[in-house]
DNA sequence: GCAAGGTC
């Protein structure tokens, strides 16, 4: 009889496989490892009688490590770790398992590998093969391919043994080596560089703190920091929208403006005024159509984690723990799968049949199986297939086990209901859309009636509500019950939730379905991020500083691209398109170059850390920048002078010489090539003296119209510098990346915000409008006045290049415009650009020498109950995105034109369509 | 003392 040694990836699988194959007729004995038993029985493979021994490993049997002489942290330069010899060996705690395998393999003819059917499983298979072949070179080696611990799959696998896949295993070898070399080198580098130089208060004993770097944990941290920066740099912007309601006998309809909202206040007011003056609404369209809401795709691991987090607030770590339990007990299929489509071979009906008896969803399962009910639908495909496991689905019926926790019940129910939903018809609704026209403005309202709930009957986690709307007919006219001009403000996005973070990782290919939750936990363990009660993540000072440091170097080490490229290469190896050696050579060469660069630019990491942490007396490093000449007294600390500095990457700034106690800084435009302090003193800026600086800009980096040479003042009066900074940015990466402005000087009391109570010592970012510190961009005195100016004079903005004359009444300028009234269409006139002034003159009168006259300003009201004023009406306004197409006549008959974008000043569009807003 | 990936 052939003796077969069967090895599974874990003890529970060995037991299940043995129980199924032996039909529970087996003997159990201990191996050398107390957890990994050996099961014995007889079984026939393809007609051959075999004596089966089934045992297990516990995941990877081997580890990769550097050879001993490189293992001590101070034994070598971390850069040497890119070439240091490594070895793959069985660690101490796995030696018992190794001995068991050796002893049993000596006595066997065949080795059958029952490892999980993914790349890692294949690699473990090769580890087991290496150990077994070491003692028995004549072994016949075969691989069992199965995807669920159920009789059908296990017997089928045993009768259809295949060869192990070397390419799959090679891909993992390459991944292991790259991860080890990158992780160890960067972790040693940044820990030894930073830990002793700063007082890192997040850990109780920062001397033992490890500042780890890993190709998965850092991009994950990057997602959290990037979102945090986005929130911090968000500047609320006001917008306006017109809302209309109509109450009839049948109920209330709420119509929303089909323009959505506008950021241009003046346009909104004018359009609103038109509606109020001619408020009769005409129904222009009544459309009824059928809408379908489709069931979800079959369940992958990430979807399971995301949905459990969303529906039950379970952490991804807990979800995977419970799912593993359910899998090991045979209730659900393998829980680590990327696959979200069922193979045509899967017997879906049988799975549904098992659930007919369930007290809660049994009747739904019965309806599914009744052809007359028409509820069945073959599941759609999500488009992913890892070729190893099916989507997560129930494999054994249960109406709830007594030993299950609440999370077990919830998760099993989710898996079953999700499966039943997948094989169901979509929900069907009848949707009615009504569009109306008021004074040329279009509004719409919609209602929905659910005709058939179908899958929603079983998938209680999703809903699709009814919303009633009264009946309207095309051409019908009515007067709105309310017509309001409402304002709102844009809000920043929320902090990343656990489900969001998983989505980011999934999209970027960070980690595997089995490890994503581990990376999230690692960030918490390393004090890089914190998680609040709503499962939302914020970076700690430490996490933010590390990302900021690498970002200031200009590297994307904290971004997901690196890992994505590595994953792509791994895939190529596993498909046989690239060799392991080839991928290792190119990847390690690139990473070593990157590491050496990071070492050269380590000052960036030190600077970023210095923003958040105090220097430690354990450090004797001096990383201060080279000081330049005195420009002015510091207005913030009022103790030291502001001096001109040049960064190591060539950017200029004027910073307080009291740094780091005082962090007052003025960043200069990015295109500055040279800057020299002159003896000239600005006669308007205080506190003085403020010495003027002779600048030379890089010709190709400044817009046309700006001079390469400029004698400028950094005190706040210099319009040229302000415009250049607005257009080109500064040498600081702070604003280019959207880092937050802050209102608290960092040498003052710690900033405290509800979203991050531990945050302190935040970077003093300069105001992006006047490039001064001490206030936020949102509070900039220059901007507040500018904004007011724009808002109050929006209708009279001067188009670029338009001719203007001085106002004879108030001295500011008058802008030439074109009238569009019935009597004066095309006639030119000048009007004052100041709201406080009513100066108005026809151009031809001016040329004729006639006396100018004042005209009253339009009087615009927000009140819907004031439709009494009559006068000129707005003409057809079809495209608010292009100011050039829009001409209005105000209530008093005065032509209004010449609007331009409030954000960038371009007359070709309004602020709501401004390209700069997108960035 | 380092990675990520298995598993307990």
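Numbering (the UniProt record's numbering), first residue to last: 1 to 919.
We put the beta carbon where it would ideally sit given N, CA and C, even for glycine.
query, result
"Segments assigned alpha helix (DSSP H), at least 4 residues, entirely inside the region 571–614", "580–600 and 602–612"
"Beta carbon of residue 672 nearer than 9 Å to that of residue 652", "yes"
"Closest by C-alpha distance to residue 57, when choosing among 452, 336, 8 and 641", "8"
"Three-state secondary structure assigned by DSSP to residue 43", "strand"
"For residue 110, the first and last residue of its enclosing beta strand (DSSP E)", "110–114"
"Same chain, Cβ closer than 7 Å to residue 514, five either side skipped, listed in chain order", "336"
"Rounded straight-line distance, which links the Cα of residue 682 to that of residue 713", "7 Å"
"Start and end residues, beta strand (DSSP E) containing residue 2", "2–8"
"Span separating the alpha-carbon of residue 609 from that of residue 324", "40 Å"
"Distance between beta carbons of residue 128 and residue 61, contact taken as under 8 Å", "6 Å"
"heavy atom of the ligand GTP below 8 Å from residue 470 C-beta", "The ligand GTP is absent from the structure shown, which contains no ligand whatsoever."
"Three-way DSSP call (helix, strand, coil) for residue 440 in this model", "coil"
"Candidates 340, 603 and 147: closest to residue 383 by CA position", "340"
"Continuous alpha helix (DSSP H) stretch holding residue 167: start and end", "166–194"
"Minimum C-alpha distance to residue 452 - residue among 428, 470 and 441", "428"
"Endpoints, beta strand (DSSP E) assigned at residue 281", "281–293"
"Chain-order list of residues whose beta-carbon lies under 8 Å from that of residue 362 (same chain, five-residue window excluded)", "355 and 356"
"contact_flag[the region 388–395, the region 325–333] where n(CB pairs < 8 Å) is 3 or more", "yes"
"Expected contact under 8 Å - CB spacing of residue 678 and residue 668 to nearest Å", "With a Cβ gap of about 15 Å, residue 678 and residue 668 do not count as contacting."
"Presumed contact (8 Å Cβ cut-off) between residue 29 and residue 100, rounded CB distance", "Not quite, the Cβ-Cβ distance comes to about 11 Å (not below 8 Å), so this is no contact."
"Rounded separation between residue 466 and residue 458 - CA only", "18 Å"
"Straight-line Cα distance separating residue 234 from residue 779", "For residue 779, the pLDDT reaches just 45, beneath the cut-off of 50, and the residue's location in the model is therefore unreliable, although a value from the coordinates is still provided. Spanning the two alpha carbons is a distance of roughly 13 Å."
"Buried or exposed by the 16-neighbour rule on C-beta atoms within 10 Å, applied to residue 290", "exposed"
"DSSP state of residue 886 mapped onto helix, strand, coil", "With a pLDDT of 31 at residue 886, under the threshold of 50, the modelled position of that residue is not reliable, and no figure is offered here."
"Contiguous alpha helix (DSSP H) assignments of at least 4 residues, all confined to the UniProt domain \"Toprim\" (3–147)", "11–22, 95–106 and 119–135"
"Alpha-carbon spacing of residue 628 relative to residue 715, whole angstroms", "Low local confidence applies: a pLDDT of 44 at residue 628 is under 50, so the model's placement there is unreliable, and no value is given."
"Touch test, the region 526–542 against the region 240–250, Cβ-Cβ under 8 Å, three pairs minimum", "no"
"Same chain only: Cβ atoms within 6 Å of residue 920, ignoring 5 sequence neighbours per side", "Examination of residue 920 is not possible in this model, given that the chain is present from 1 through 919 alone."
"Short Cβ contact (9 Å threshold) for residue 326 with residue 415", "yes"
"Cβ shell of residue 3 (< 8 Å), same chain only, five flanking positions each side left out", "50, 51, 53, 107, 108, 109 and 110"
"Paired residues, beta bridge with residue 242 - DSSP", "485"
"Rounded straight-line distance, which links the Cα of residue 147 to that of residue 613", "51 Å"
"Residue burial classification, residue 19 (beta-carbon count within 10 angstroms, cutoff 16)", "buried"
"Alpha carbon of residue 302 to alpha carbon of residue 502, nearest angstrom", "7 Å"
"Residue range of the unbroken beta strand (DSSP E) whose run includes residue 255", "251–257"
"Residue 476 versus residue 286: straight-line alpha-carbon distance, rounded", "10 Å"
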